[in-house]
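Residue numbers (full-length UniProt numbering): 7 to 412. Backbone N, C-alpha and C fix where the C-beta goes; we use that ideal spot for every residue, glycine too. Since the structure is predicted, the reported quantities are computational estimates derived from the model, not experimental observations.
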Amino acid sequence: HIYGCAQVRKIITQLNQRENEMQAFDYHNPTHIVFGPDRLAELDNLVPQDARVMVLYGGGSVKKYGTLDKVLAGLGERHITEFSGIEPNPRFETLMRAVDRVRADNIDFLLAVGGGSVMDGTKFVAAAALYKGDEVELLGHGFNPLPIEQALPLATVATLPATGSEMNMGAVVTHQGGKFPVMSPRLFPTFSMLDPTLTYSLPAVQVANGVVDAFVHVLEQYATYPVGAEVQDRTAEGILKALIEVGPKTLATPDDYAARANLVWSATCALNGFIGVGVPQDWSTHMIGHELTAIFGIDHAQTLAVVLPSLWQARKAQKGAKLLQYAERVWNITEGSEDARIDLAISKTRAFFESLGVKTRLSDYGVAFEQIDTVVNALESHGMVALSETGDLDLEVSRYILEQAF
Ligand code: NZQ
Ligand code: ZN
């Protein structure tokens with residue numbers, strides 16, 4: 007009997023240890039990165055010679071600043087269909103119009119030229135064009151991989167450093183007042199061209215949004231509980247420090263190539279899967295933020311700047327160990343009680359976002375306190391009732407986080 011108890015204790019101890027160890031993982035990222043200025047002519051070597059290409063873009067920035075002309079020149083004599091008008095937070099209906107064109111023109115290669123919305127939209131088109139069922143079903147799988155065996159090959163020319171979409175397998179599609187993740191290993195771009203000079207034309211607000219989005223991507227994979235993942239943690243801290251350095255520099259001097267190059271690569275590395283292997287991940291800030299975009303039209307990164315500091319205040323107990331590590335290694339905070347160090351790290355994070363010009367209170371975006379109910383209802387209707395790295399963040403906690411965000 008006693009032996010039995012000891013055995014049980016041993017198993018429980020082992021299980022507990024496992025919880026604090028790096029988890030088993032597979033890591034395969036097939037995207038070929040083509041980094042550096044003035045390389046769009048290389049499209050001729052990167053896209054199959056006989057491809058029938060659809061070039062997808064947004065509201066016209068790529069036309070205005072000359073990127074589209076260079077892309078079309080790079081594609082040479084290939085058959086090209088242009089699809090324009092993919093809006094920020096790309097909508098299912100818009101993307102289905104592209105799907106119809108893909109089918110009508112027998113397109114077999116998709117080239118996204120734009121920011122996260124265009125890259126994400128193109129990923130959805132790649133999956134939907136070959137999907138045999140009702141395409142809206144593709145929005146119903148959350149973070150699970152889509153049940154698809156094929157997708158059209160796609161590539162990107164990225165013009166906005168923020169989402170990491172250029173080197174990951176995810177997309178976010180807006181439909182009927184909600185934002186839906188779409189994930190599949192078939193949706194990694196075959197290649198992505200990252201030319202930092204293409205981002206010089208970004209307005210300051212989009213640069214700042216990009217810094218905040220990349221920063222929070224790192225934190226969603228980092229600020230959970232420790233599992234002794236030294237490489238992931240220290241890489242994450244390195245990306246955060248790089249963003250703290252080059253974000254303000256890029257805003258102050260838009261044509262500083264050195265700063266841009268680091269900003270572009272930071273954003274890509276923040277969400278290409280590398281720092282997220284084998285570690286717990288959160289993504290609550292994103293899920294709550296998505297509702298704020300869908301309901302109030304607040305930019306994606308602005309929602310993150312609002313939710314993250316408030317979420318951390320509410321989750322100090324669960325995230326304490328990692329927040330202390332963050333305080334020390336990213337902000338050099340070593341003095342004071344644990345509580346005081348965490349508070350200072352949170353206020354420094356908030357101040358960093360504000361210093362970039364990104365406001366961190368819901369009231370800054372014209373939201374009224376009474377509208378919290380609408381957000382909580384939306385979370386409920388989208389099944390966002392058990393968020394966080396352990397699934398313990400329920401609607402009441404979400405409500406509290408939103409209240410504290412005023
Ligand atoms: O549409 P155009 O005219 O191109 O203008 C865009 C758009 O108005 C403009 N822009 C882009 N590149 C430019 C430029 N303006 C001047 N010069 C340039 N070089 O910027 C505006 C915003 O573009 P958008 O693509 O919407 O921004 P972002 O890259 O921040 O993407 C946001 C979308 O990505 C999703 C978000 O939910 C949102 O829908 N996300 C995707 C993720 C992913 N795939 O892994 C993760 C993220 O967490 C995020 O959720
Ligand atoms: Zn994001």
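query	result
Within its chain, find whatever has a CB closer than 6 Å to the CB of GLN101; leave out the 5 residues flanking it on each side and keep chain order.	Residue identity check: residue 101 is Leu in the sequence provided, not Gln. Cβ within range, chain order: GLY127, PHE130, VAL131.
Please report the straight-line C-alpha distance between LEU257 and ALA110, rounded to a whole angstrom.	43 Å
Pull up the distance between the alpha-carbon of LEU116 and that of ALA264, whole angstroms please.	30 Å
Which residues in the same chain as ALA214 place their Cβ atom closer than 8 Å to its Cβ, once the five residues preceding and following it in sequence are excluded?	GLY253, LEU257, ALA307, LEU362, GLY363, VAL364
MET175 to THR241, Cα distance in whole Å?	21 Å
How do the stretch 190–210 and the stretch 36–54 stand: do at least 3 beta-carbon pairs fall below 8 Å, yes or no?	yes
Ligand 2 and ASP219: does any heavy atom of the ligand fall closer than 7 Å to the residue's C-beta?	yes
Tell me whether the beta-carbon of VAL68 lies closer than 8 Å to the beta-carbon of GLY122.	no
If you reduce the DSSP assignment to three classes, tell me which class PHE115 lands in.	strand
So is the beta-carbon of LEU144 under 7 Å away from any non-hydrogen atom of ligand 1?	no
Would you kindly work out how many angstroms separate the C-alpha atoms of GLY326 and TYR231, rounded to a whole number?	8 Å
Are there 16 or more other CB atoms within 10 angstroms of the CB of PRO315, so buried, or fewer, so exposed?	buried
Could you have a look at ARG109 and say whether DSSP puts it in helix, strand or coil?	helix
Less than 8 Å between the C-beta atoms of GLU395 and ASP288, yes or no?	yes
Note down the Cα distance separating GLU226 from SER290, rounded to an integer number of angstroms.	8 Å
Measuring straight from C-alpha to C-alpha, what distance separates LEU277 and PRO167?	11 Å
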